[in-house]
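Visitor: Structure incoming, see below.
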Amino acid sequence: MPLVPPGCSNDYEWLSFAIDLAKRCPPSDTAFSVGCVIVDAHGSEISQGYSREQPHYHAEESALSKLTPDDERLPEATLYSSLEPCTRRKSRPRTCSELIIASGIRRVVIAWREPPIFVSDAHGVTALEAAGITVVEIPELADAATAMNAHILNTDTNGGSSAPAT
Ligand SMILES: [Zn+2]
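Residue 153 in full-length UniProt numbering sits at position 153 of the sequence shown; the count goes up by one each step and never skips.
As structure tokens, then:
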């Protein structure tokens, strides 16, 4: 059952809602929990998703999979993701950055950048900006967006970059 956004009217509120969605992710020690919501030009939600909503799905991938590629709302839409979109995958054919660029979305809002735990060279913000997409970061929400990933971030036995990308 989809959550109903509580009258979100700005980037901060929509990103907070995406972070709330991340709390729905099935627990994992090998992948981050992320939430994503896509909002049209009029401030209405058009899709949402979260990590592992389907096996191996990322949040952005899940939200985009519920829309058709020719959805005319996408070029005017904003995608809110609690984490920087990925640029490397092993279990899926396309990264979230690739999927976002292909979708025609022109604006992305995130709370924090991917740390070098599962991959050493995450560069979603750079990839999106290189494609002409405007990326807005709201670092004030980083603590909330990382809270459900604390068990991953607080481990110092991961060695930095050797764990598999999911
Ligand atoms: Zn991803």
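C-beta atoms are modelled at their ideal positions from N, C-alpha and C, and glycine is treated no differently.
Can you find the residues in the same chain that come closer than 6 Å, C-beta to C-beta, to A144, ignoring five residues on each side of it along the sequence?
Guide: Excluding positions up to five away in sequence, the list reads I19.
Visitor: Exposed or buried, which one is R94 when buried takes at least 16 other CB atoms within 10 Å?
Guide: Exposed: under 16 other Cβ atoms inside 10 Å.
Visitor: Just to confirm the assignment, what range does the alpha helix (DSSP H) spanning I138 have?
Guide: Run containing I138: none; DSSP gives neither H nor E here.
Visitor: Can you name the residues that DSSP bridges to C8?
Guide: Note: C8 sits in no beta bridge, so no partner.
Visitor: Could you tell me whether the Cβ atoms of V109 and V125 are closer together than 7 Å?
Guide: Contact: no.
Visitor: In the structure shown, what three-state DSSP assignment does T126 receive?
Guide: Residue state, collapsed to three classes: helix.
Visitor: List the DSSP bridge partners of R107.
Guide: T78 and T134.
Visitor: Return helix, strand or coil for C36, following the three-state DSSP convention.
Guide: In this structure, C36 counts as strand in the three-state DSSP scheme.
Visitor: Kindly confirm or deny that the region 41-49 and the region 69-88 touch, where touching means at least three C-beta pairs closer than 8 Å.
Guide: Short answer: they touch.
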